[in-house]
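Visitor: These protein sequences, in sequence, are chains Y and E.
Numbering-wise, the first sequence is residues 666 to 1182 according to my numbering.
Numbering-wise, the second sequence is residues 67 to 210 according to my numbering.
Using N, Cα and C, we set each Cβ at its ideal position, and we do this for glycine too.
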Amino acid sequence: MKNHAKLLAPATLLATLIGAAPALAQSLDERVNEGFAWATGWFVNLIFYAIPVNGTNFNLIVGWLVIAATIFTVYFGFVQFRAFPHSIALVKGDYSDPNDAGEVSHFQALATALSGTVGLGNIAGVAVAVGIGGPGATFWMIVAGLMGMASKFTECTLGVKYRNEYADGTVSGGPMYYMTKGFAERGVGGGKILAVLFAIFCILGSFGGGNMFQANQAHAQLSNVLGEYPGWITGVIFAAIVFMVIIGGLKSIAQVTEKVVPFMGILYVLTALVIILMNIGQVGAAFGQIFEGAFTGLGIAGGMIGALIQGFRRAAFSNEAGVGSAAIAHSAVRTKEPITEGYVSLLEPFIDTVVICTMTALVIIITGQLMVDPETGRMLLTEAGDAIQTVDGNTGVALTSAAFSSAFGGFRYVLAIAVILFAFSTMISWSYYGLKAWTFLFGEGQTKEIAYKVLFCVFVVIGAAANLGPVIDFSDAAIFAMAIPNIIALYVLMPIVKREMSNYQAKLRSGEIKKYV
Amino acid sequence: MSRKIVVGFDGSEASRRALDFAVSRAKVLGDAIVVAHVLEWSPYSFLTPNEIEERHRRRNEELQRAEQAIIAPVLKAVEDAGVPVISVMKYGHIAETLCKIAEDEDAALIFIGRMGNSGLSSRIFGSVAGTLAQVAPVPVTIVP
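Following this line, the structure appears as structure tokens:
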């Protein structure tokens, strides 16, 4: 009985809070929102500095990422297509020495890195892209995903090559380390400055896209299922769980999530496939819209460029190729050849963007969520003219939810669970990336690490309480900011990756590196 | 020429009985013993970023602990009994890895103990002894 009372007390407290103070809560949400927009607006404007092209704004940062991905693709001779079968063989463990069993395998490094990137970007982000950029955004998203594979290949190879290995057997890797060590090796200055810059942006990114965006969309999904309630409540609950895991060391929650997330991912893709098969007659028309929209825009704001920018933005935000986060995640694998982790990591944008994101986009388009003018075949825009009208006026995760529910009524509950788990696993991954950047800047130590983790939890609450607009802007800005120093470093260090690649291929040909199975 | 007997050993009562039995055979026939300890591991399990970072250290710790707590005490006992003995520690699926060890060591026999689970769990999950009996490259002796 006593235990019962203890359990009930916080619940009743929460109930009174929700019941008695909705007005107060709403105004609190509003104030968080206003303050947040005011505090981050300048940073967003700086990162998304745009030049007008063809009547629409072209963000320089998007060009920065796409040009880099193109250069890497050409420089490494279309490695993402030529090495694809070898990547699969590496993940299957064909080239793994059985005596290394018990170490982190290629599969495990890939799975963990994926659970950091497969998240709301794939569900909510794609809905935003398609909602603003039209079906054509899907095409550019796939193109960006395929190109991004080369960026990821470059950064993950460097991440493993220049990681720090400590005497106790733990490893720390990431762009901070290849910037400092790699630049020194090439005799190029400025590595330290880039590393500091990257670390600062990485910490911001871990609060933005890796945290607030996740909390925000998890709340949107929850209130979609449970009915409207103030965002800070979701924030506090999420923050408490994250706190228990990253500070309280409650490993069981993280372990359960890590195990459930891959299955949720598979379930998500399978459901999308079933919906696509159920509407097999619409598939041709959907692809027609995607291709036509890709080159004409089908009447969306900004036309073709508008579709392209939305597609590229979402792809970059979802698979993080060129951003540098994956280099942190992949650097702990045990391998004698750093390039093998590069080969494995190029599967990541493929799975994340080319497969999962495309599924979301197809389901939204096929289920007819986007309003089309029946006479002209062009998209109907909202009154403001900056987005496409949707059937129920949904945006973001609610749009994806509506699309899936139109086929399976109950799927919105499954999606709610998936969104919460994805959000949570992405938060755990990003809290790790941010912490690595934090300790790079401030050094390791119990107090310093806890300071970061507490700050991380505070941002969970802010993210859940703020509106989608300012949060998504800041999330994009913080993550893209990481790409500025990271891609500079990749340009400087790409000859090293090329040398690694030709050495490795020579060893493969000579039979020095052989299959074990 | 002396043959090698691989004994699957995890420190349990059953594995001790298998080892004792193997020692008594080896003494009579002049065989050598390979004490094989397999740490259950799948390269397809899922780890958190933190676990990945610490994995190499954990692995070393696990091997060290197994060596000290499980292998070292029995090696001494087998040596004292006058039987030549070596030890092998590996990660992997237990039955498959025991077969692999037997092949690598060019062993003539595998000895293992059995847990004696005849119920539902071994029907669903299979048992090491049952799997070994099916797939082993050399004769298997299962000690009750």
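Is PRO687/Y buried or exposed, if buried means 16 or more other CB atoms sit within 10 Å of its CB?
Guide: For the purposes of this step, residue 687/Y is taken as residue 22 along the first sequence, with counting starting at 1. Reliability of the predicted coordinates at PRO687/Y is poor, the pLDDT of 48 falling under 50, and no value is obtained from them.
Visitor: Quick one: does GLY913/Y have its CB under 9 Å from some CB of chain E?
Guide: On the first sequence, position 248 is the one that residue 913/Y refers to. Output row for GLY913/Y: interface = no.
Visitor: Indicate the three-state DSSP secondary structure (helix, strand or coil) for GLY158/E in the structure shown.
Guide: Taking the first residue of the second sequence as 1, we reach residue 158/E at position 92. Looking at GLY158/E - three-state DSSP - the assignment turns out to be strand.
Visitor: Report the CB separation of VAL154/E from VAL89/E in whole angstroms; it is logged as a contact under 8 Å.
Guide: In the second sequence, counting from the first residue as 1, residue 154/E sits at position 88. In the second sequence, counting from the first residue as 1, residue 89/E sits at position 23. With a Cβ gap of about 17 Å, VAL154/E and VAL89/E do not count as contacting.
Visitor: On the criterion of 16 or more Cβ atoms from any shown chain inside 10 Å, does ARG696/Y qualify as buried, or is it exposed?
Guide: For the purposes of this step, residue 696/Y is taken as residue 31 along the first sequence, with counting starting at 1. Exposed is the call here.
Visitor: So, THR936/Y versus ALA1129/Y, is the Cβ gap smaller than 9 Å?
Guide: Start at 1 with the first residue of the first sequence, and residue 936/Y comes out as number 271. Start at 1 with the first residue of the first sequence, and residue 1129/Y comes out as number 464. It is not a contact, given that the beta carbons lie outside the stated cut-off.
Visitor: Step through the CB atoms of chain E and report whether any lies within less than 9 Å of the CB of ARG999/Y.
Guide: Within the first sequence, the letter at position 334 stands for residue 999/Y. At least one chain E Cβ lies under 9 Å of ARG999/Y.
Visitor: Considering only C-alpha positions, which residue in the set SER871/Y, PHE878/Y, GLU830/Y is nearest to ILE788/Y?
Guide: As a working mapping, residue 788/Y is identified with position 123 in the first sequence. That would be PHE878/Y, whose Cα lies nearest to the Cα of ILE788/Y.
Visitor: Measure from the C-beta of ASN764/Y to each C-beta in chain E and report whether the shortest distance is under 9 Å.
Guide: The residue you call residue 764/Y lines up with position 99 of the first sequence. At least one chain E Cβ lies under 9 Å of ASN764/Y.
Visitor: Is it the case that the Cβ atoms of ILE941/Y and MET1024/Y are separated by a distance below 9 Å?
Guide: The count along the first sequence starts at 1 and reaches residue 941/Y at position 276. The count along the first sequence starts at 1 and reaches residue 1024/Y at position 359. Yes, they are a contact pair.
Visitor: To be precise: take each residue of the stretch 931-954 of chain Y, compare its Cβ to all Cβ atoms of chain E, and keep it if any distance is under 7 Å. Which residues remain?
Guide: Listed by position along the chain: nothing, the set is empty.
Visitor: Quick check: is the beta carbon of PRO687/Y nearer than 9 Å to any beta carbon in chain E?
Guide: Against the first sequence, residue 687/Y aligns to sequence position 22. Below a pLDDT of 50, predicted positions are generally treated as unreliable, and PRO687/Y, at 48, falls in that range; no measurement from the model is reported.
Visitor: Can you give me the start and stop residues for the alpha helix (DSSP H) that ALA1081/Y sits inside?
Guide: Here residue 1081/Y refers to the residue found at position 416 of the first sequence. Residues 1076-1107.
Visitor: Could you work out which residues of chain E lie near GLU923/Y, taking near to mean beta carbons separated by less than 8 Å?
Guide: Taking the first residue of the first sequence as position 1, residue 923/Y is located at position 258. Here the neighbours are PHE112, LEU113, THR114.
Visitor: Just curious, the beta strand (DSSP E) that LYS70/E is in, first and last residue?
Guide: Start at 1 with the first residue of the second sequence, and residue 70/E comes out as number 4. Per DSSP, LYS70/E belongs to the beta strand (DSSP E) from 70-74.
Visitor: Do the stretch 781-800 of chain Y and the stretch 1050-1060 of chain Y meet, that is, are 3 or more Cβ pairs less than 8 Å apart?
Guide: Because the criterion of three Cβ pairs below 8 Å is met, the stretch 781-800 of chain Y and the stretch 1050-1060 of chain Y touch.
Visitor: So LYS156/E contacts chain Y; which residues on that side make the cut at Cβ distance below 7 Å?
Guide: Here the question's residue 156/E lines up with position 90 in the second sequence. Chain Y residues near LYS156/E: ALA766.
Visitor: Chain E partners of ASP1017/Y, CB-CB under 8 Å?
Guide: Taking the first sequence and counting its residues from 1, the one referred to as residue 1017/Y is at position 352. Per Cβ cutoff of 8 Å: no residues; ASP1017/Y is ~16 Å from chain E at best.
Visitor: Which chain Y residues are close to LEU105/E, counting only those with a beta carbon under 7 Å from its beta carbon?
Guide: As a position in the second sequence, residue 105/E is number 39, starting the count at 1. Correct list: GLY767.
Visitor: Are the C-beta atoms of ILE137/E and some chain Y residue less than 9 Å apart?
Guide: Against the second sequence, residue 137/E aligns to sequence position 71. Output row for ILE137/E: interface = no.
Visitor: Whose C-beta lies closer than 6 Å to the C-beta of GLY873/Y among residues of the same chain, with five residues either side of it excluded?
Guide: Here residue 873/Y corresponds to residue number 208 of the first sequence, with the count starting at 1. Same-chain partners within the cutoff: PHE1139, SER1140, ALA1143.
Visitor: Can you pull the chain Y residues whose beta carbon is under 7 Å from the beta carbon of GLU120/E, in chain order?
Guide: Working through the second sequence from its first residue, we reach residue 120/E at position 54. Within chain Y, the residues near GLU120/E are THR835.
Visitor: Name, please, each residue of chain E whose Cβ falls closer than 7 Å to the Cβ of ILE1093/Y.
Guide: For the purposes of this step, residue 1093/Y is taken as residue 428 along the first sequence, with counting starting at 1. By Cβ distance, chain E contributes THR114.
Visitor: Given 8 Å as the limit, is there contact between the stretch 1154-1171 of chain Y and the stretch 735-753 of chain Y, that is, 3 or more CB pairs closer than that?
Guide: Short answer: they touch.
Visitor: Give me the Cα-Cα distance between THR782/Y and SER1066/Y, rounded to the nearest whole angstrom.
Guide: In the first sequence, residue 782/Y corresponds to position 117, counting from 1. In the first sequence, residue 1066/Y corresponds to position 401, counting from 1. Using only the alpha carbons, I get a separation of about 20 Å.
Visitor: Name the DSSP bridge partner or partners of LEU1035/Y?
Guide: Taking the first residue of the first sequence as 1, we reach residue 1035/Y at position 370. THR1055/Y.
Visitor: Just checking: is the beta-carbon of ALA994/Y within a distance shorter than 9 Å of some beta-carbon in chain E?
Guide: Here residue 994/Y is taken as the residue at index 329 of the first sequence, counted from 1. At least one chain E Cβ lies under 9 Å of ALA994/Y.
Visitor: For a test of the three-state rule: what should DSSP assign to GLY700/Y, helix, strand or coil?
Guide: On the first sequence, position 35 is the one that residue 700/Y refers to. DSSP places GLY700/Y in helix when its eight states are reduced to three.
Visitor: Measure the CB-CB distance between ALA864/Y and TRP1095/Y and report whether it falls below 9 Å.
Guide: The residue given as residue 864/Y occupies position 199 in the first sequence. The residue given as residue 1095/Y occupies position 430 in the first sequence. Not in contact: ALA864/Y and TRP1095/Y (Cβ atoms no closer than 9 Å).
Visitor: Just the chain Y side, please: which residues come within less than 7 Å of ARG125/E by C-beta, in chain order?
Guide: Walking along the second sequence from the start, residue 125/E turns up at place 59. Residues of chain Y passing the Cβ test: GLY767, GLU768.
Visitor: Decide yes or no for the touch test of the stretch 1144-1157 of chain Y against the stretch 725-739 of chain Y: beta carbon pairs closer than 8 Å, at least 3 of them.
Guide: Output reads yes: the stretch 725-739 of chain Y touches the stretch 1144-1157 of chain Y.
Visitor: Within 10 angstroms of the Cβ of ASN1168/Y, are there 16 or more other Cβ atoms? Answer buried if so, exposed if not.
Guide: Position 503 of the first sequence holds residue 1168/Y. It counts as exposed.
Visitor: On a CA-only basis, which of PRO895/Y, PHE746/Y, ILE712/Y, ALA1081/Y is nearest ILE1127/Y? Give me that one, please.
Guide: By 1-based counting over the first sequence, the position of residue 1127/Y is 462. With distances taken between Cα atoms, ILE1127/Y lies closest to PRO895/Y.
Visitor: Taking C-beta pairs closer than 7 Å, name the residues in chain E that PRO1003/Y reaches, listed in chain order.
Guide: The residue given as residue 1003/Y occupies position 338 in the first sequence. Those within 7 Å of PRO1003/Y in chain E number zero; the least Cβ separation is about 15 Å.
Visitor: So which of LEU823/Y, GLY930/Y, GLU830/Y, PHE701/Y has the shortest CA-CA distance to ILE1082/Y?
Guide: On the first sequence, residue 1082/Y is found 417 positions in, with the first residue counted as 1. It is GLY930/Y whose Cα lies nearest to the Cα of ILE1082/Y.
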